[in-house]
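In the numbering used here, the protein residues as written are 93 to 327.
Written out as structure tokens, the structure is:
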């Protein structure tokens, strides 16, 4: 993930939860916050629940996060475990209160890992919106990747869908084959598939023959879109 951001032109900083909880980092100089995948706390309490608790029940970490999201020119991205964290904390649509989307176990009741096809619909997503209409390959690796929507999600907040509605093309059984959602203003994106694991063609299990000379895949463009938006909105 860090290298994808670096390639897109970001000055990347690795922030650990201990940095936030100790007060060494307050996110005031951070323009884009990225929650990476990785089975935090070994998913002992469920996906991202322990991680979410580190924000909810620590004053310094909670304030740093709240202050970051209160700023009008920030972006955030959550991938896999990071997506699960954003759902636990209600960061995509905080106005929904307790009726915000959540992540639940895959319909298969198994950990699913594979290379799947996704399509990018028209949305207000700063990162993915400009890629609307594309169908791309991407990796998934999760056990709790099914979105549960208490209320209907607006179409322009659906940022990513699996190309196929049925298993295994839809690896978790998410309704509407939803793979990623975005905040109403387009700034905050949560997605289960790992775009950072498909930045180079050689990382992809399948890549179009006609594009074999590509040095990078279109997924890097999502990170470039984020960097350009930040640069234009910080002026």
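Where a beta carbon is used, it is the ideal one built from N, C-alpha and C, also for glycine.
With respect to the 8 Å criterion, residue 271 and residue 289 are not classified as neighbours on the basis of their beta carbons. Cβ neighbours of residue 224 within its own chain (closer than 8 Å, five residues either side excluded): 212, 213, 214, 215. The region 291-306 and the region 265-280 do not touch, with fewer than three beta-carbon pairs separated by less than 8 Å. Ranked by Cα distance from residue 324, the options 96, 94, 165, 95 are led by 165. Note on residue 148: under 16 other CB atoms within 10 angstroms of its CB, so exposed under the neighbour-count rule.
Under the DSSP assignment, residue 312 falls in the alpha helix (DSSP H) whose first and last residues are 311-325. In this structure, the alpha-carbon of residue 156 lies about 35 Å from that of residue 206.
Distances from the CA of residue 286 to each of 192, 221, 174 were compared; the closest alpha carbon is that of 174. Between the region 118-129 and the region 168-182 there are three or more C-beta pairs closer than 8 Å, enough to call the two in contact. Boundaries of the alpha helix (DSSP H) around residue 178: 173-181.
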